[in-house]
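There are 2 protein chains.
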Amino acid sequence: MSGAPKTIVTVAELRTIIALWRGHGDKIALVPTMGALHEGHLSLVRLAKKNADKVVVSIFVNPAQFAPHEDLATYPRDEAGDMEKLQALGTDLVFAPAGTEMYPPDFSTHIEVTELTNGLCGRSRPHFFGGVATVVAKLFLQCLPDMAIFGEKDYQQLLVIRRMARDLDIPVNVLGGPIIRERDGLAMSSRNAYLTKDERARAPLLFKTVTRIAKALSQDGEISEHIQSGRAALADAGFDVDYLEVRNADDLTPLAGSVAEPARVFAAALLGKTRLIDNVAVPEKK
Amino acid sequence: MSGAPKTIVTVAELRTIIALWRGHGDKIALVPTMGALHEGHLSLVRLAKKNADKVVVSIFVNPAQFAPHEDLATYPRDEAGDMEKLQALGTDLVFAPAGTEMYPPDFSTHIEVTELTNGLCGRSRPHFFGGVATVVAKLFLQCLPDMAIFGEKDYQQLLVIRRMARDLDIPVNVLGGPIIRERDGLAMSSRNAYLTKDERARAPLLFKTVTRIAKALSQDGEISEHIQSGRAALADAGFDVDYLEVRNADDLTPLAGSVAEPARVFAAALLGKTRLIDNVAVPEKK
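Chains as they are written, first to last, in my numbering: chain A, 893 to 1178; chain B, 893 to 1178.
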C-alpha cells in the first residue's frame, strides 16, 4: 500500500463518503481538475485545505468541452505524478470517474450559459463553456460541497461557473484562486507541455503584453491604442492572436475609451500549435 | 389568522425551513405546480403526504416555458382557492416565489434535454421542455427534496424531468402520479377552464380515442391503421390534431407495426383555442 490519497471512481462511493463527513459536521471543498496537475492546481488545493475540513479533488478529462478538432486525445495525463502531488498536500479524496460513469449512453442533458460566454474564449471555442457548465454542475451535484475552487487563469470560466451555480441555485460557494506563474511570468497550464523549447522561450510575452496594457490603462490612455500596440508586439513575436481585449471584471462587458471600472485585460493566442491564455486586473487609478 | 398553510416567497426562507426539517430527520417531498389546482394536483399532494414527512407545494407560473404566442397572460390563477385546497390536505409549506426571485435580471443559464424532446409536445412547443427543465432544476436545488411528484398527464414532461435529474446527478427521486379524470374521462387540466360548454361536451373524445387505440393494440392489429381511424374520428368531431402516436413508454421511441413492448398512446389536439393532451398505457397482451 502506498500512502496515496483514497481514490474512488463512482458517484455512489463519493456520496457515501461525503455523507459520513457531513455526519461529522465537516466543511467540504471540491477542486475540479482535468489532471496533469501543476503548481496552479496545487495552489487551489492549498486554498481548499485552508478553508475546509475535507478536500476532494476530481480528475476527469471532460470530452464534452473539447471540439472534434481540439486536443482531447493528446491532453496531458500523469496519474502517478498527480497522486504523488496530491498526497503531499494531504488531499482527503480523489474522485476519478470513467467517462461512462459521467455520461451514460442515453445521456441527453446540456447546460448553456449565455451573455458571459458571448466573447473571448466563447467565440473561438463555441462548445467549451456548455461542456464545462454541464460537467461542473454534475460534479457539484454529485459532491454537494460547501465550496468549489477554480483558478483565475480561466477567468471567464470562473465567472461562467459562478453564474451557472447562482442561476440554478446550486448551494455552493464558488471561489477563485490567483494565477500561478513560472519565474518568467508564463501562466502555468497543463498545455504548456506542448510548447517547443523555442516557443517556451517566447511564451512569456503574452503575460508581459497584458501586464503592460493593464499598467498603461491604470495611468492613462485609450484602450484601443494600447490594444493595437499589444497585438502588434505579439504578432511580431510569432503569436497568432485570437483576442486581446479589456473587459469589465464582473460581467465581461467589453470596454472602450478609457477605463473607469474594475477591468481586466484578457488574451488568447496560438504559439505554434499551442493555445495560450492569460489575464490580469487593471490596477485601480490612484 | 386563517389556517392556510405557511406560505413563503424567498429561497432563503425555504432553505431555512428545509434545514430545520432535515435536522429532525424528516423525509421531504416537493410537488411543483403552476397553481389553479384541481384534483389532479391534489392527488399528487396526497401521494406526497403518503411517502414523506413534510410536503412542499410550489406555485409558480413559469414564463420560461411559454412561447410568446402562448397563454402565459391568461393562464388560470386562483390563489385563494389553491390555499383552501392545500390546507384541507395538510400541506406543510407553500413556496410561491415572484418572477424576480426565480429569474434575476442577468439570469443566463438554460438547461436543454435532447432525445426525449424530439417529438410529441417538443415538436409543436419547442420552448417548452427547456423552460420546464430549467425551472424544475432550480426548484429541486432550492428545496433539495428526497422526492418530487409530477402527474402522468404530462407524461413526456415526467420522463424529461426524470432524465434531467439523473443526467445532472440531482439527488431526488422523481415519482409519477396517475392521471385523474372527470367522470366522462376528460383528463383534468387547468386549461379545461378555457373550454366553452359545447367544447367541454366534445372534449372526452380525446380520452375515448386513445383508450380505443390502446385496447385495440393490446389485442391485435397494426398501429398505423388504428391511428388513422383515431385521427379521422377526432377530426370529425372538430379537433385539430397536433399528434396521435404510439411510443415506447420508457424512452418515447416511435413505434410502428404491431406493439411488442411497453407502449403508450399519446395525443394532443386543439379544440377551439384550447390545447388538450392525454395519454394511456397499452395494456399488456395476454
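Idealized CB from N, CA, C, for every residue including glycine.
Contacts that residue i makes with chain B (C-beta to C-beta distance below 7 Å)
i	result
A/Leu1060	Thr1001, Ala1029, Lys1030, Leu1033
A/Val1005	Ser1000, Thr1001
A/Arg1055	Ser1000, Thr1001
Backbone secondary structure at residue i - three-state DSSP
i	result
A/Met1056	helix
B/Thr992	helix
A/Arg844	There is no way to answer for residue 844 of chain A, as the model of chain A reaches only from 893 to 1178.
B/Ala921	strand
A/Met893	In this prediction, A/Met893 has a pLDDT of 40, which is less than 50 and means its spatial position is unreliable; what the coordinates show is noted afterwards. A/Met893 falls in the coil class under three-state DSSP.
A/Arg1083	helix
A/Leu1078	coil
A/Lys898	coil
B/Arg969	coil
B/Asp1046	helix
A/Gly1022	helix
Straight-line Cα distance separating residue j from residue i
i	j	result
B/Pro955	B/Leu1098	28 Å
B/Asn1010	B/Gly1022	12 Å
A/Ile1105	A/Gln1048	19 Å
A/Arg1015	A/Leu964	19 Å
B/Val1028	B/Glu931	21 Å
B/Arg1094	B/Ala1129	7 Å
A/Arg1075	A/Pro1096	10 Å
B/Ala959	A/Asp984	48 Å
A/Leu1087	A/Leu1078	12 Å
A/Arg1058	B/Glu976	34 Å
B/Thr908	B/Asp1061	23 Å
A/Ile1169	A/Asp1132	12 Å
A/Asp1046	B/Leu906	34 Å
A/Ile1135	A/Gly1068	The sequence shown places Tyr at residue 1135 of chain A, not Ile. C-alpha separation (whole angstroms): 22 Å.
B/Leu922	A/Ser1121	58 Å
B/Asp970	B/Glu1044	23 Å
A/Val953	A/Lys946	23 Å
A/Asn943	A/Ile920	9 Å
Endpoints, the beta strand (DSSP E) within which residue i is located
i	result
A/Arg1156	1155-1163
B/Met1039	1039-1043
B/Gly1149	Segment: none, B/Gly1149 is in no beta strand (DSSP E) and carries neither H nor E.
B/Thr1166	1166-1173
B/Asp963	First-last for B/Asp963: undefined, no H or E at that position.
B/Asp1134	1132-1140
A/Gly1069	1065-1069
B/Lys864	Given that chain B is displayed from residue 893 to residue 1178, the structure contains no residue 864 of chain B and the question cannot be resolved.
Minimum Cβ-Cβ distance from residue i to chain A less than 8 Å
i	result
B/Thr908	no
B/Val949	no
B/Leu1008	yes
B/Ile900	no
Proximal residues of chain E, C-beta to C-beta of residue i below 7 Å
i	result
B/Val903	As a matter of chain content, chain E is missing from the structure shown, whose protein chains are A and B.
Delimiting residues of the alpha helix (DSSP H) encompassing residue i
i	result
B/Asn943	931-943
A/His1118	1115-1128
B/Phe987	Element bounds for B/Phe987: not the alpha helix (DSSP H) but the beta strand (DSSP E), 985-987.
A/Glu1004	Segment 1001-1005 is the beta strand (DSSP E) holding A/Glu1004; no alpha helix (DSSP H) there.
B/Gly915	903-915
A/Thr1103	1097-1111
B/Lys1089	1089-1094
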